[in-house]
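Student: Have a look at this one before I ask anything.
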Amino acid sequence: MILALWRSGLLLILLSYGSGFGQNIRSNQGRSDSTFIQAKEEYAIALQSEKPLVAAKALQSLGRLYFHAGQYPQSLSYYAQAGQKLEQLGEKKWLAENHNALGELYYYSKQPQQARLQYEQALLLFKTVSDASGIATTYGNIGHLYEKRQLYDSAFYYQQQALHQYLSAHNREGTAKIYENMGSIFEDLERYDSAQVYFQRALKVNLQTKDSLLRIEIYNNLGDILRKTGHFQKSLIYSRKAYALALQTHERHYLSGSTNDIGKAYHLMGLNDSAYHYVSLSRAYEAEIYSLESSQQLALTQTLFDTEKKNNEIERLTNERQFNQLMTVAVIIGLLLLIGLVSLAYNRQKMKVRNEQTLSRQNQLVYETQRELMQSELRNQQLQEEQLKNELAIRSKELSTHILHIIQKNQALEDLKGNLDKLIKDDKRDHKKQIKKIVQQINDSFSHDQYWLEFSSTFEQVHQSFLKS
Numbered sequence: 217m218i219l220a221l222w223r224s225g226l227l228l229i230l231l232s233y234g235s236g237f238g239q240n241i242r243s244n245q246g247r248s249d250s251t252f253i254q255a256k257e258e259y260a261i262a263l264q265s266e267k268p269l270v271a272a273k274a275l276q277s278l279g280r281l282y283f284h285a286g287q288y289p290q291s292l293s294y295y296a297q298a299g300q301k302l303e304q305l306g307e308k309k310w311l312a313e314n315h316n317a318l319g320e321l322y323y324y325s326k327q328p329q330q331a332r333l334q335y336e337q338a339l340l341l342f343k344t345v346s347d348a349s350g351i352a353t354t355y356g357n358i359g360h361l362y363e364k365r366q367l368y369d370s371a372f373y374y375q376q377q378a379l380h381q382y383l384s385a386h387n388r389e390g391t392a393k394i395y396e397n398m399g400s401i402f403e404d405l406e407r408y409d410s411a412q413v414y415f416q417r418a419l420k421v422n423l424q425t426k427d428s429l430l431r432i433e434i435y436n437n438l439g440d441i442l443r444k445t446g447h448f449q450k451s452l453i454y455s456r457k458a459y460a461l462a463l464q465t466h467e468r469h470y471l472s473g474s475t476n477d478i479g480k481a482y483h484l485m486g487l488n489d490s491a492y493h494y495v496s497l498s499r500a501y502e503a504e505i506y507s508l509e510s511s512q513q514l515a516l517t518q519t520l521f522d523t524e525k526k527n528n529e530i531e532r533l534t535n536e537r538q539f540n541q542l543m544t545v546a547v548i549i550g551l552l553l554l555i556g557l558v559s560l561a562y563n564r565q566k567m568k569v570r571n572e573q574t575l576s577r578q579n580q581l582v583y584e585t586q587r588e589l590m591q592s593e594l595r596n597q598q599l600q601e602e603q604l605k606n607e608l609a610i611r612s613k614e615l616s617t618h619i620l621h622i623i624q625k626n627q628a629l630e631d632l633k634g635n636l637d638k639l640i641k642d643d644k645r646d647h648k649k650q651i652k653k654i655v656q657q658i659n660d661s662f663s664h665d666q667y668w669l670e671f672s673s674t675f676e677q678v679h680q681s682f683l684k685s
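Position in the sequence shown (from 1) plus 216 gives the number in my numbering.
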């Protein structure tokens, strides 16, 4: 009897201590240090190969690893670096997911206001790229914030918005999770019938997916609802399903939680021996988890320390190499500039000499041309003078001819005058024949007038002012 009472009291203590352990928790602590090293290597390779998007994703992975390791400051640093790169690249979808990750980080850092700001930015970006699943995830995160603040109306509203988006995107995994979230809200409100309806909907959709972790959560939640409403045998069915699936997937958190729920049900049924067995089993799983997480945490911390030390050494060597490269480049640039300046000065001097030579040749050519022109003009002038002399000689000869003609004409006039005087003196003779002869002489004189015109023209050319005077 005393032993039974002792077991019962111990069982109550164990049940009270482990009542919430392992509920609604996904196993994210099982990441090994090799995953961290791999993410670091991926980031380094992405930087070397100049793949900024791959580098940003690697930074996100590092932020997630630090987050699950409980190293929130380091996680925030990597998420911030990833966000900066993604914003520069204009990758809105990945940037929105980064904001959601930051929101989760702020939530677990007890900064719900900062978490809400990150979720709002994620929501805006997902709407910009029309990503229904991303919008739904963000609505679900906002609803979770309101649920933890016990603002259940707002929480349910955002979960409804998330459900609508997941349904439109035909996202079964997301739809099942939102139904599970809605069931949790009604469970907090102790509206167990409504909670069971939503958990059953979540299970129905989840069975069409491969999300075994969410299925374990749903089985656990259905077992809780049935146990809280007095349906102990039915609750054991779902708790055992959760336990079996946890064994299959090696999820120690869910093994601890499901065995604890089975122990609660047996305790409420008055089967304390069975209850003690499962609660003890739950405590064993819990101790195993604690031991494993401690060793993993220690290993990860050592890995982080070694990696940071190695990175610092690499960074130092890289900086030295970059400095040496920079100095080499600076020297090369200086030499190139010096060579360029010398070459420029040489080319300018060479060009100056060439220009002077060209100018000299041009001046010489101009001089030669002008000299030839002057000689040509001189020759032309001499030719003109020779031509003028020849013309003057010809004109002088013509003038002499005209002068002789004038003399002849004057002589003819003298003869005519003498003949007329004779006619005047001789009154008896017939003058007709004589007069005809005189007329003929006059006509002959007229025929020589053309010679006079030519004479006057020639004389005027030779002595222009003589006739005018």
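Where is the CB? At the ideal position from N, CA and C, for every residue including glycine. These figures come from a predicted structure and were not determined experimentally.
(1) Could you please give the first and the last residue of the uninterrupted alpha helix (DSSP H) stretch that includes L302?
(2) Locate the alpha helix (DSSP H) running through L318, then write down its first and last residues.
(3) On the three-state DSSP scale, how would you describe H466?
(4) In angstroms with no decimal places, state the Cα-to-Cα distance between L497 and S277.
(5) Looking at C-beta atoms only, is the number of pairs between the segment 296-316 and the segment 345-355 that lie closer than 8 Å three or more?
(6) Suppose only complete runs of 3+ residues qualify. What are the beta strand (DSSP E) ranges in the segment 610-635, listed by chain order?
(7) For M398, report the span of its alpha helix (DSSP H) as first-last.
(8) For the alpha helix (DSSP H) that H360 lies in, which residues bound it at each end?
(9) Starting from the C-beta of Q290, find all residues in its chain whose C-beta is less than 7 Å away, skip the five residues before and the five after it, and write them out in chain order.
(10) Examine the Cβ distances between the segment 485-496 and the segment 464-472 and report whether three or more of them are shorter than 8 Å.
(11) To which residues of the same chain is L405 closer than 7 Å at the C-beta, ignoring the five residues directly before and after it?
(12) Alpha carbon to alpha carbon, what distance is there between A609 and L589?
(13) L575 to R587, Cα distance in whole Å?
(14) Note down, in chain order, each residue of its chain lying with its Cβ closer than 6 Å to the Cβ of Q330, except the 5 sequence neighbours on either side.
(15) Leaving out the 5 sequence neighbours to the left and right, which residues in its chain are closer than 7 Å to L430 when beta-carbon positions are compared?
(16) Buried or exposed for E403, please, with buried defined as at least 16 other CB atoms from any protein chain shown within 10 angstroms of its CB.
(17) With DSSP collapsed to three states, give me the class of A460.
(18) How about D477 and S455: are their beta carbons less than 8 Å apart?
(19) Locate the alpha helix (DSSP H) running through D440, then write down its first and last residues.
(20) Pull up the CB-CB distance for Y355 and Y324, whole angstroms please, since I reckon it's below 8 Å.
(21) CB D440 to CB E389, shorter than 8 Å?
(22) Tell me whether K480 is buried or exposed, calling it buried when 16 or more other Cβ atoms sit within 10 Å of its Cβ.
(23) Alpha carbons only, please: which of K444, Y506, D631 is nearest the one belonging to L484?
(24) Give me the Cα-Cα distance between E307 and Q464, rounded to the nearest whole angstrom.
(25) Distance, Cα to Cα, V413 vs I261?
(26) If we ignore side chains and look at the alpha-carbon of each, how far apart do K641 and I651 end up?
(27) N635 and I654 look like a contact to me (Cβ under 8 Å); what is the Cβ gap, rounded to whole Å?
(28) If you drop the 5 nearest sequence neighbours on each side, which residues of the same chain put their C-beta closer than 7 Å to that of F342?
(29) Please confirm whether F415 and I432 have their CB atoms less than 8 Å apart.
(30) For R280, is the classification buried or exposed, using 16 other Cβ atoms within 10 angstroms of its Cβ as the cut-off for buried?
(31) With 16 other CB atoms within 10 Å as the buried threshold, where does A378 fall?
(32) Could you name the residues of the same chain whose beta carbon sits closer than 6 Å to that of R417, not counting the 5 residues immediately before and after it, in chain order?
(33) What does the alpha-carbon distance come out to for the pair A546 and R577?
(34) Please report the residue range of the alpha helix (DSSP H) in which A272 lies.
(35) Can you give me the C-alpha to C-alpha distance between R247 and S370, rounded to a whole angstrom?
(36) Which of helix, strand or coil does DSSP assign to H447?
Tutor: In short, the structure shows the following:
(1) Position 86 of the sequence shown, counted from the first residue, corresponds to residue 302. Note, L302: alpha helix (DSSP H), 288-305.
(2) Here residue 318 is taken as the residue at index 102 of the sequence shown, counted from 1. 308-324 is the extent of the alpha helix (DSSP H) around L318.
(3) Working through the sequence shown from its first residue, we reach residue 466 at position 250. Of the three classes helix, strand and coil, the one that applies to H466 here is coil, per DSSP.
(4) Taking the sequence shown and counting its residues from 1, one reaches residue 497 at position 281. Taking the sequence shown and counting its residues from 1, one reaches residue 277 at position 61. Rounded to whole angstroms, L497 to S277 spans 34 Å at the Cα level.
(5) yes
(6) none
(7) Mapped onto the sequence shown, residue 398 falls at position 182. Its alpha helix (DSSP H) spans residues 388-404.
(8) Walking along the sequence shown from the start, residue 360 turns up at place 144. Run containing H360: 348-364, per the alpha helix (DSSP H) assignment.
(9) The count along the sequence shown starts at 1 and reaches residue 290 at position 74. Contacts found: Y282.
(10) no
(11) Translated into the one-based positions of the sequence shown, residue 405 becomes position 189. Taken in chain order, the residues that qualify are Y368.
(12) In the sequence shown, residue 589 corresponds to position 373, counting from 1. In the sequence shown, residue 609 corresponds to position 393, counting from 1. C-alpha separation (whole angstroms): 30 Å.
(13) As a position in the sequence shown, residue 575 is number 359, starting the count at 1. As a position in the sequence shown, residue 587 is number 371, starting the count at 1. Cα to Cα, the separation comes out at about 18 Å.
(14) Working through the sequence shown from its first residue, we reach residue 330 at position 114. The residues are Y322.
(15) Counted from its first residue, the sequence shown places residue 430 at position 214. Within the same chain, L430 has close Cβ partners A392, K393, E396, N422.
(16) Residue mapping note: residue 403 aligns to position 187 of the sequence shown, counting from 1. Burial call: buried.
(17) To locate residue 460, count along the sequence shown from 1; it is residue 244. DSSP places A460 in helix when its eight states are reduced to three.
(18) Position 261 of the sequence shown, counting from 1, holds the residue named residue 477. Position 239 of the sequence shown, counting from 1, holds the residue named residue 455. Yes, the pair counts as a contact, with Cβ atoms nearer than the cut-off.
(19) Along the sequence shown, read from residue 1 onward, the residue named residue 440 stands at position 224. Taken as a continuous stretch (DSSP letters only), the alpha helix (DSSP H) holding D440 covers 428-444.
(20) One-based indexing of the sequence shown puts residue 355 at position 139. One-based indexing of the sequence shown puts residue 324 at position 108. That belief does not hold up - the Cβ atoms of Y355 and Y324 are roughly 19 Å apart, past 8 Å.
(21) Working through the sequence shown from its first residue, we reach residue 440 at position 224. Working through the sequence shown from its first residue, we reach residue 389 at position 173. It is not a contact, given that the beta carbons lie outside the stated cut-off.
(22) Within the sequence shown, residue 480 is the residue found at index 264, counting from 1. By the 10 Å Cβ count, K480 comes out buried.
(23) For the purposes of this step, residue 484 is identified with residue 268 of the sequence shown, where counting begins at 1. Out of K444, Y506, D631, K444 has the C-alpha closest to the C-alpha of L484.
(24) Translated into the one-based positions of the sequence shown, residue 307 becomes position 91. Translated into the one-based positions of the sequence shown, residue 464 becomes position 248. Approximately 39 Å, taken between the alpha carbons.
(25) Stepping through the sequence shown from its first residue, residue 413 is reached at position 197. Stepping through the sequence shown from its first residue, residue 261 is reached at position 45. Answer to the nearest angstrom: the Cα atoms are 50 Å apart.
(26) Here residue 641 refers to the residue found at position 425 of the sequence shown. Here residue 651 refers to the residue found at position 435 of the sequence shown. Whole-angstrom Cα-Cα distance: 14 Å.
(27) Numbered from its first residue, the sequence shown carries residue 635 at position 419. Numbered from its first residue, the sequence shown carries residue 654 at position 438. Confirmed, Cβ separation roughly 6 Å.
(28) Working through the sequence shown from its first residue, we reach residue 342 at position 126. Once the five neighbours on either side are set aside, the close Cβ partners of F342 are A312, G350, I351, T354.
(29) The sequence position of residue 415 within the sequence shown is 199, counting from 1. The sequence position of residue 432 within the sequence shown is 216, counting from 1. It is not a contact, given that the beta carbons lie outside the stated cut-off.
(30) As a first step, residue 280 is located in the sequence shown; it is residue number 64 there, counting from the start. So R280 ends up on the buried side.
(31) In the sequence shown, counting from the first residue as 1, residue 378 sits at position 162. Counting Cβ neighbours within 10 Å, A378 comes out buried, since at least 16 surround it.
(32) Here residue 417 is taken as the residue at index 201 of the sequence shown, counted from 1. Here the set comprises Y395.
(33) Looking up residue 546 in the sequence shown gives position 330. Looking up residue 577 in the sequence shown gives position 361. Their backbone Cα atoms lie some 45 Å apart in a straight line.
(34) One-based indexing of the sequence shown puts residue 272 at position 56. Start and end: 268-284.
(35) As a first step, residue 247 must be located in the sequence shown, where it is residue number 31. As a first step, residue 370 must be located in the sequence shown, where it is residue number 154. Residue placement at R247 cannot be trusted, given a pLDDT of 45 that sits under 50; what the coordinates show is reported in the next sentence. Distance between the alpha carbons of R247 and S370 is about 35 Å.
(36) Numbered from its first residue, the sequence shown carries residue 447 at position 231. If DSSP states are grouped into helix, strand and coil, H447 belongs with coil.
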